[in-house]
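*Asks:* Provided herewith is a single structure, encoded as structure tokens, for subsequent inquiry.
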Amino acid sequence: MRWSSAYSLPMRMTQLLGSTLRAAPAGAESPGYQFLLRGAFVRQLGQGLFSFMPLGTRVKQRVEHVLRQEMDVVGGAELLLPLVHPAEIWKRSGRYDTIGPELVRFDDRRTRPHVLALTHEEVVATLAASEVQSWRQLPRFVYQIQLKFRDDPRPRGGLLRVREFTMKDGYTLDRDEAGLDEQYARIHGAYLEIFRRCGLPVIPVAADVGMMGGREAHEFMYLTPIGEDTVVLCDGCGYAQNRQVATAARPPVAEEDPLPIERVETPDADTIDRLTQVLGIPAERTAKALFMATSDGRMALAVVRGDMQLNETKLAGALGAAELRPMTPEEIEAIGAVAGYGSPVGIGTRAVVVVDELVARSPNLVAGANERGFHLANVNVGRDFSPDVVADIVAVEAGQPCAACGGPLRTERAVETGNIFKLGTRYAGLGASYLGEDGEEKPIVMGSYGIGVDRLIACIAEEHHDERGLVWPASVAPFAVHVCALGDEGLEAAGAIAENLEGEGLDVLVDDRGERAGVQFADAELIGCPVQVTVSKRSLAAGGVEVKLRSEPERPPEVVPPDELASWVRGHLEERATEAPVVR
RNA sequence: CGGGCUGUGGCGCAGCUUGGUUAGCGCGCUUGACUGGGGGUCAAGAGGUCGCGGGUUCAAGUCCCGCCAGCCCGACCA
Numbered sequence: 004m005r006w007s008s009a010y011s012l013p014m015r016m017t018q019l020l021g022s023t024l025r026a027a028p029a030g031a032e033s034p035g036y037q038f039l040l041r042g043a044f045v046r047q048l049g050q051g052l053f054s055f056m057p058l059g060t061r062v063k064q065r066v067e068h069v070l071r072q073e074m075d076v077v078g079g080a081e082l083l084l085p086l087v088h089p090a091e092i093w094k095r096s097g098r099y100d101t102i103g104p105e106l107v108r109f110d111d112r113r114t115r116p117h118v119l120a121l122t123h124e125e126v127v128a129t130l131a132a133s134e135v136q137s138w139r140q141l142p143r144f145v146y147q148i149q150l151k152f153r154d155d156p157r158p159r160g161g162l163l164r165v166r167e168f169t170m171k172d173g174y175t176l177d178r179d180e181a182g183l184d185e186q187y188a189r190i191h192g193a194y195l196e197i198f199r200r201c202g203l204p205v206i207p208v209a210a211d212v213g214m215m216g217g218r219e220a221h222e223f224m225y226l227t228p229i230g231e232d233t234v235v236l237c238d239g240c241g242y243a244q245n246r247q248v249a250t251a252a253r254p255p256v257a258e259e260d261p262l263p264i265e266r267v268e269t270p271d272a273d274t275i276d277r278l279t280q281v282l283g284i285p286a287e288r289t290a291k292a293l294f295m296a297t298s299d300g301r302m303a304l305a306v307v308r309g310d311m312q313l314n315e316t317k318l319a320g321a322l323g324a325a326e327l328r329p330m331t332p333e334e335i336e337a338i339g340a341v342a343g344y345g346s347p348v349g350i351g352t353r354a355v356v357v358v359d360e361l362v363a364r365s366p367n368l369v370a371g372a373n374e375r376g377f378h379l380a381n382v383n384v385g386r387d388f389s390p391d392v393v394a395d396i397v398a399v400e401a402g403q404p405c406a407a408c409g410g411p412l413r414t415e416r417a418v419e420t421g422n423i424f425k426l427g428t429r430y431a432g433l434g435a436s437y438l439g440e441d442g443e444e445k446p447i448v449m450g451s452y453g454i455g456v457d458r459l460i461a462c463i464a465e466e467h468h469d470e471r472g473l474v475w476p477a478s479v480a481p482f483a484v485h486v487c488a489l490g491d492e493g494l495e496a497a498g499a500i501a502e503n504l505e506g507e508g509l510d511v512l513v514d515d516r517g518e519r520a521g522v523q524f525a526d527a528e529l530i531g532c533p534v535q536v537t538v539s540k541r542s543l544a545a546g547g548v549e550v551k552l553r554s555e556p557e558r559p560p561e562v563v564p565p566d567e568l569a570s571w572v573r574g575h576l577e578e579r580a581t582e583a584p585v586v587r
């Protein structure tokens, strides 16, 4: 293993732009982000816009090195695609219209419409169309490490959610689904290796395909309370899915014959809570109707059992809608419904009625009457109204039984550090086709594979720190060795020692600032390079330099003769290179 | 986009309630001395359109209105 980048001279701390901060700027909440700021790895320029300082850039380069190696192992060929795209290709894929304002659109000087890339499927599909003619040119796997810009409505959490970010994105081109499955599985494995090498424990979970489109997707989740996603996990059988798509075992439904529908008076019962009080029935005997509008202008009435929550992602999928929003009061009135007393009964064709699968087979539920102050008892799906769609549209809650093994499900907050999508022929409309062995023209089958580099760095910082600062895994540390040069004697001796380490292929940062010992030690711990070397009059008198590992702050330093230093460092780095955690 | 909070020197904050002369404190920065293995001490300094614009007032960092920016929660989102 190499512990060096292409650099051959030690980095002197006096070369670095940006000084360490004793206190974190206000607004930095998570410890990982605080240390990234305090250590001068990154600085914020604007909302969701970050400068990578020299130290941060080093980390980024180390992470990218791991990404490149692992992508190359699974047959990837690196390329670089433009950040600015003619709007045309996004119009041709249809995403120009389905994606909202997070896609930045602008005209160039000749008033030709352009966009800033928020991902690169369109470009790859366009390239595939022009470059691939024959089945003999497939399969292919290309990747890049490039900027993306997404005008997110709410950047937050430091580097966790930004607008401009670096992504390692890869794209597979295959003859058929079987070929895609093969490459997908291989890259799935490469992703696990990447996260292992970066020291980040992740869980692959089944996920929603979202704006990408396609038939299958996985996300690589880092479990942390600062995460914005929720994953559903089963300790019993290993079930793991994003809450957006997760399912739980369905409870049994009452075995009853349908009773005659009945209009009951329910004053001030415009919530399920109030309704159950007024009628003295449990929430699972009620059906609640939610009013949602789709981005393509359809009105939808979603019906779930009163004790369950709607999962909007599932509903959007059931409707084939890109986006959903709650209906406005005017829209609710327009379809003849009453908020708080909404009901699918009698709504007719004024709204698309989507009924949760459990509601569809539950007899004698209490539903609204579309009339203020009244509900309908003994509503039965099929008899009293006909749903347009029956599907699982409820959100899984912690504690519900696992659909696979019956064990209790739990939920955890998580950060999505990477994702992989089986796009299939979603982008074939851009002309990506090839001539098969049988002479038939066939659509190219695509896959898409992303890892957010900045987000990955943020997660590594979150995972690897103590109360004093960062503790970078050796694989991504800005430098392998941080040399503290104490006093004039230390400063004098440190140069040769650092150069020697560099000559041995180790990246070295030398603190040549002439600061007091305490300041140097504190900054070394904040910056978090794996090996700390102290050169001073005292260490030289003792026969060499003092070494200690950032990961073992309590262990007393060891004195090592200068000519043995490189092998000492190398040995300890190798030893720790295998320590990165693996989660499944 | 909705709700909340915050904008005062490079960083962290006080001052605002109850308007009143030269706007403070800690850290950092500069210079000097001492010190020299865990953010040292002393001394002397530099550095501020108090986010921006308007208003009220004899007088605004302080009160009012508008705007902008950032942070948090929600909506949204890979």
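For the first sequence, the numbering used here begins at 4 and goes up steadily by one. In this text, a Cβ means the ideal position worked out from N, Cα and C, and glycines have one as well. In this text the structure is predicted, and so the values were computed from the model without any measurement.
1) For G230, which residues from the same chain have a beta carbon less than 6 Å from its beta carbon, with the 5 sequence-adjacent residues on both sides left out?
2) In the DSSP output, which residue or residues are listed as bridge partners for Q47?
3) Per DSSP, which one or two residues make a beta bridge with S436?
4) Go ahead and label S570 buried or exposed: buried means 16 or more other beta carbons lie within 10 angstroms of its beta carbon, across all protein chains shown.
5) Measuring straight from C-alpha to C-alpha, what distance separates P1 and N381?
6) Starting from T175, trace the beta strand (DSSP E) both ways and give me its first and last residue.
7) If L106 sits next to L121, beta carbons under 8 Å apart, how far is it from one beta carbon to the other, in whole angstroms?
8) Return yes when the Cβ of V355 is within less than 7 Å of the Cβ of A303, no when it is not.
9) Start and end of the alpha helix (DSSP H) containing C240?
10) So, under 8 Å CB-CB, Q50 and P158 are touching, yes? Tell me the CB distance rounded to an integer number of Å.
11) When the distance is taken between beta carbons, is V486 closer than 7 Å to A497?
12) Exposed or buried, which one is G339 when buried takes at least 16 other CB atoms within 10 Å?
13) Could you name the residues of the same chain whose beta carbon sits closer than 8 Å to that of G21, not counting the 5 residues immediately before and after it, in chain order?
14) Use the C-beta contact count for R218: other C-beta atoms within 10 angstroms, 16 or more gives buried, fewer gives exposed.
15) What number of angstroms, rounded off, separates the C-alpha of V357 from the C-alpha of Y194?
16) State the Cα-Cα distance for the pair D184 and I284, rounded to the nearest angstrom.
17) Could you tell me the distance, in whole angstroms, from the CA atom of V586 to the CA atom of P533?
18) Roughly how many angstroms lie between the CA atoms of D391 and Y344, to the nearest whole one?
19) Under three-state DSSP, which class holds I206?
20) At which residue ranges does the stretch 448–477 contain complete beta strand (DSSP E) runs of 3 or more residues, listed in the order of the chain?
21) For Y36, which of V341, L52, L512 and A461 has the nearest alpha-carbon?
22) To which residues does DSSP link D359 through a beta bridge?
23) Going by the CB atoms, is the gap between A131 and I423 shorter than 7 Å?
24) CB G453 to CB D172, shorter than 7 Å?
25) Let me check understanding here. Comparing Cα to Cα, which of Q149, R429 and D273 lies closest to L84?
26) Given a cut-off of 7 Å on the beta-carbon distance, is the pair R41 and L24 in contact?
27) Can you tell me which of the three DSSP states R247 falls into?
28) Determine the extent of the alpha helix (DSSP H) in which L509 is found, giving its start and end residues.
29) Apart from the five residues just before and just after L12, which ones in its own chain have a Cβ nearer than 8 Å to its Cβ?
30) Pairing CB atoms from the stretch 425–443 with CB atoms from the stretch 90–101, are three or more of them under 8 Å?
31) Is the Cβ-Cβ distance between I463 and L163 less than 7 Å?
32) If I'm right that E549 touches E557 with Cβ under 8 Å, what's the distance once you round it to whole angstroms?
33) Just curious, the beta strand (DSSP E) that V145 is in, first and last residue?
*Replies:* The short version:
1) Reading the first sequence from its first residue, position 227 is the one you call residue 230. Correct list, in chain order: R416, A417 and V418.
2) Start at 1 with the first residue of the first sequence, and residue 47 comes out as number 44. DSSP, once it has assigned bridges, lists F53 as partnering Q47.
3) As a working note, residue 436 is residue 433 in the first sequence. DSSP, once it has assigned bridges, lists P446 as partnering S436.
4) For this step, residue 570 is matched to residue 567 along the first sequence. Burial is judged here by how many other beta carbons sit within 10 angstroms of a residue's own beta carbon; S570 has fewer than 16 and is exposed.
5) There is no way to answer for residue 1, as the model of the chain reaches only from 4 to 587.
6) Along the first sequence, one-based indexing puts residue 175 at 172. Annotation: the continuous beta strand (DSSP E) that includes T175 extends over E167 to D177.
7) Numbered from its first residue, the first sequence carries residue 106 at position 103. Numbered from its first residue, the first sequence carries residue 121 at position 118. Contact check for L106 and L121: beta-carbon distance about 6 Å, within the 8 Å limit, so the pair qualifies.
8) Position 300 of the first sequence holds residue 303. Position 352 of the first sequence holds residue 355. With contacts defined as CB atoms closer than 7 Å, A303 and V355 qualify as a contacting pair.
9) Your numbering for residue 240 matches position 237 in the first sequence. For C240, no alpha helix (DSSP H) encloses it, and the DSSP letter there is neither H nor E.
10) In the first sequence, counting from the first residue as 1, residue 50 sits at position 47. In the first sequence, counting from the first residue as 1, residue 158 sits at position 155. Confirmed, about 5 Å.
11) As a position in the first sequence, residue 497 is number 494, starting the count at 1. As a position in the first sequence, residue 486 is number 483, starting the count at 1. Taking 7 Å as the cut-off, the beta carbon of A497 is found closer than this to the beta carbon of V486.
12) The residue given as residue 339 occupies position 336 in the first sequence. Around the beta-carbon of G339, fewer than 16 other beta-carbon atoms lie within 10 Å, marking it exposed.
13) By one-based count along the first sequence, residue 21 stands at place 18. If the five residues before and after G21 are omitted, its C-beta is found closer than 8 Å to the C-beta atoms of A43, R46, M56, P57 and L58, all from its own chain and listed in chain order.
14) Walking along the first sequence from the start, residue 218 turns up at place 215. Exposed, since its Cβ has fewer than 16 Cβ neighbours within 10 Å.
15) Working through the first sequence from its first residue, we reach residue 357 at position 354. Working through the first sequence from its first residue, we reach residue 194 at position 191. So the alpha carbons of these two residues sit roughly 37 Å apart.
16) Taking the first sequence and counting its residues from 1, the one referred to as residue 184 is at position 181. Taking the first sequence and counting its residues from 1, the one referred to as residue 284 is at position 281. One Cα belongs to D184, the other to I284, and the distance between them is close to 49 Å.
17) For the purposes of this step, residue 586 is taken as the residue at position 583 of the first sequence. For the purposes of this step, residue 533 is taken as the residue at position 530 of the first sequence. The pLDDT assigned to V586 is 45, lower than 50, so where the model puts this residue is not dependable; a value taken from the coordinates is nonetheless given after this. The alpha-carbon atoms of V586 and P533 are separated by roughly 23 Å.
18) Within the first sequence, numbered from 1, the residue matching residue 391 stands at position 388. Within the first sequence, numbered from 1, the residue matching residue 344 stands at position 341. Using only the alpha carbons, I get a separation of about 20 Å.
19) The sequence position of residue 206 within the first sequence is 203, counting from 1. Assignment of I206 by DSSP, reduced to helix, strand and coil, places it in the strand class.
20) Taking 3 residues as the shortest admissible run, the stretch 448–477 contains the following complete beta strand (DSSP E) segments, listed from N- to C-terminal end: 448–455.
21) Translated into positions along the first sequence, residue 36 becomes position 33. Nearest C-alpha to Y36: A461.
22) Position 356 of the first sequence, counted from the first residue, corresponds to residue 359. Partner residues in the beta bridge of D359, as assigned by DSSP, are A394.
23) As a working mapping, residue 423 is identified with position 420 in the first sequence. As a working mapping, residue 131 is identified with position 128 in the first sequence. The Cβ atoms of I423 and A131 lie no closer than 7 Å to each other.
24) Residue 453 sits at position 450 when you count from the first residue of the first sequence. Residue 172 sits at position 169 when you count from the first residue of the first sequence. In this structure, D172 lies closer than 7 Å to G453 by Cβ.
25) Within the first sequence, the letter at position 81 stands for residue 84. The option with the nearest alpha carbon to L84 is Q149.
26) For the purposes of this step, residue 41 is taken as the residue at position 38 of the first sequence. For the purposes of this step, residue 24 is taken as the residue at position 21 of the first sequence. Judged by beta-carbon spacing, L24 lies within the 7 Å limit of R41, meaning their Cβ atoms are closer than that value.
27) As a working mapping, residue 247 is identified with position 244 in the first sequence. For the record, residue 247 in the displayed sequence is Gln; it is not Arg. Looking at Q247 - three-state DSSP - the assignment turns out to be coil, as it is neither helix nor strand.
28) One-based indexing of the first sequence puts residue 509 at position 506. Here L509 belongs to no alpha helix (DSSP H), and DSSP marks it neither H nor E.
29) Within the first sequence, residue 12 is the residue found at index 9, counting from 1. When the five nearest sequence neighbours on each side are left out, the beta carbons in the same chain lying within less than 8 Å of the beta carbon of L12 are those of E502 and E505, in order along the chain.
30) The answer is yes - the stretch 90–101 touches the stretch 425–443, with three or more Cβ pairs under 8 Å.
31) On the first sequence, position 460 is the one that residue 463 refers to. On the first sequence, position 160 is the one that residue 163 refers to. No; because the gap between Cβ atoms is not below 7 Å, this pair is not in contact.
32) As a first step, residue 549 must be located in the first sequence, where it is residue number 546. As a first step, residue 557 must be located in the first sequence, where it is residue number 554. The Cβ separation is near 15 Å, so there is no contact.
33) The residue given as residue 145 occupies position 142 in the first sequence. Per DSSP, V145 belongs to the beta strand (DSSP E) from R143 to F152.
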